[in-house]
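**Student:** Chains as they are written, first to last, in the numbering used here: chain A, 39 to 151; chain B, 77 to 196. Got a structure here, written out as structure tokens. Questions coming.
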Amino acid sequence: AQSVTQLGSHVSVSEGALVLLRCNYSSSVPPYLFWYVQYPNQGLQLLLKYTSAATLVKGINGFEAEFKKSETSFHLTKPSAHMSDAAEYFCAVSGTGRRALTFGSGTRLQVQP
Amino acid sequence: NAGVMQNPRHLVRRRGQEARLRCSPMKGHSHVYWYRQLPEEGLKFMVYLQKENIIDESGMPKERFSAEFPKEGPSILRIQQVVRGDSAAYFCASSPPPLQGTRSGANVLTFGAGSRLTVL
Chain A
39 AQSVTQLGSH
49 VSVSEGALVL
59 LRCNYSSSVP
69 PYLFWYVQYP
79 NQGLQLLLKY
89 TSAATLVKGI
99 NGFEAEFKKS
109 ETSFHLTKPS
119 AHMSDAAEYF
129 CAVSGTGRRA
139 LTFGSGTRLQ
149 VQP
Chain B
77 NAGVMQNPRH
87 LVRRRGQEAR
97 LRCSPMKGHS
107 HVYWYRQLPE
117 EGLKFMVYLQ
127 KENIIDESGM
137 PKERFSAEFP
147 KEGPSILRIQ
157 QVVRGDSAAY
167 FCASSPPPLQ
177 GTRSGANVLT
187 FGAGSRLTVL
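As structure tokens, then:
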């Protein structure tokens, strides 16, 4: 069985500040990990994915995430927040034999001017 | 490439009516997934289908809900005798079949914009 836990349902940062969104996973098999972003009234868009290659994954819009097996974490970061980053962010996991993603409960990011 | 197309985008039903939500996967994608998002919650997996075959329906409610992906045409999520608790956004995603030599699970899911069901 696989699951992800996103710590913090709401995160607020100032424009230009570091963005850190936390995700911890649980998986009985080597996981595949994903971050998706959802803008209001829209579907989910893939930001980045980890599929057992490099542990530091770079995605779109300046986001990146680091897979840390020892901490079972896959936190999402961005050095400098933009107003346009305000959205809901979902961490997700899948694994061998299970192709459907299991999502976390989401973190809503607010960016203050 | 039009992406994953869902319709209708908004659907209003009265209690006891039926709701049908349609999903056309991306060109070249043969796998479809349905998720439900309740207000202020994350996405919950419902069902995973290939053409003419349900692969995993572990997230589907036991009653009133059904899904199909026929040989021709879109995938359909059907909710019979809707109740207020069915009000949610229903998202469809699609993916290609696994590449030869890769483990399943690595494929990226591409999501549609969702269908928002309101039950009065």
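Glycine included, each C-beta is placed from N, C-alpha and C at the ideal position.
What residue from B/Gln126, B/Tyr111, B/Ile131 has the CA that sits closest to B/Pro150's CA?
**Tutor:** Minimum Cα distance to B/Pro150 is reached at B/Gln126.
**Student:** Could you name the residues of chain A that B/Phe121 contacts, counting a contact when the two beta carbons are closer than 9 Å?
**Tutor:** Within 9 Å Cβ-Cβ: Ala138, Leu139, Thr140, Phe141.
**Student:** Can you say whether A/Gly54 is buried or exposed, counting buried as having 16 or more other CB atoms within 10 angstroms of its CB?
**Tutor:** The residue is exposed, with fewer than 16 neighbouring Cβ atoms inside 10 Å.
**Student:** Strictly below 9 Å CB to CB, what residues from chain B border A/Phe128?
**Tutor:** Here the neighbours are Gly118, Leu119.
**Student:** Less than 7 Å between CB atoms is the rule here; does B/Leu196 satisfy it with respect to chain A?
**Tutor:** No, no contact with chain A.
**Student:** Report yes or no: is there a C-beta of chain A within less than 7 Å of the C-beta of B/Tyr166?
**Tutor:** No, its Cβ sits nowhere closer than 7 Å to a Cβ of chain A.
**Student:** For the segment 81-92 of chain B against the segment 108-117 of chain A, are there 3 or more C-beta pairs whose distance is under 8 Å?
**Tutor:** At 8 Å Cβ cutoff, the stretches do not touch.
**Student:** Can you have a look at A/Ile98 and say buried or exposed, based on whether 16 or more other CB atoms are within 10 angstroms of its CB?
**Tutor:** By the neighbour-count rule (16 or more Cβ atoms within 10 Å), A/Ile98 is not buried but exposed.
**Student:** Compare the C-beta of B/Glu185 against all C-beta atoms of chain A and say whether one is closer than 7 Å.
**Tutor:** Just to set this straight, residue 185 of chain B is Leu in the shown sequence, not Glu. Answer yes: the Cβ-Cβ gap between B/Leu185 and chain A drops below 7 Å somewhere.
**Student:** Could you pull the start and end residues of the beta strand (DSSP E) that A/Val149 belongs to?
**Tutor:** Unbroken beta strand (DSSP E) run through A/Val149: 145-150.
**Student:** Give a single yes or no on whether A/Ser64 has its beta carbon closer than 6 Å to a heavy atom of the ligand MN.
**Tutor:** Judged by which ligands are present, the structure shown has none, so any question about the ligand MN falls away.
**Student:** Can you confirm whether B/Gly104, when its beta carbon is compared against all beta carbons of chain A, has any partner nearer than 7 Å?
**Tutor:** Cβ-Cβ to chain A under 7 Å: no for B/Gly104.
**Student:** If the cut is a Cβ gap below 9 Å, which residues of chain B does A/Gly46 touch?
**Tutor:** Going along chain B, no residue has its Cβ under 9 Å from A/Gly46, so there is no contact; the nearest lies around 13 Å.
**Student:** Counting Cβ pairs closer than 8 Å, one from the segment 94-101 of chain B and one from the segment 159-173 of chain B, do we hit at least three?
**Tutor:** Touching, yes.
**Student:** Quick one: complete beta strand (DSSP E) runs, 3+ long, within the segment 45-71 of chain A?
**Tutor:** With a minimum length of 3 residues, the continuous beta strand (DSSP E) runs that stay inside the segment 45-71 of chain A are 48-52, 57-65.
**Student:** Is the separation between the beta-carbon of B/Leu119 and that of A/Phe141 shorter than 7 Å?
**Tutor:** Yes, they are a contact pair.
**Student:** Taking one C-beta from the segment 118-125 of chain A and one from the segment 151-158 of chain B each time, how about it: are there three or more such pairs within less than 8 Å?
**Tutor:** Touching, no, given that fewer than three Cβ pairs across the two stretches are closer than 8 Å.
**Student:** Compute the Euclidean distance between the alpha carbons of B/Glu128 and B/Phe145, then round it to the nearest angstrom.
**Tutor:** C-alpha separation (whole angstroms): 5 Å.
**Student:** Out of B/Pro137, B/Val195, B/Gly79, B/Thr194, which one is the CA nearest neighbour of A/Gly81?
**Tutor:** Selected option, being the one with the closest Cα: B/Gly79.
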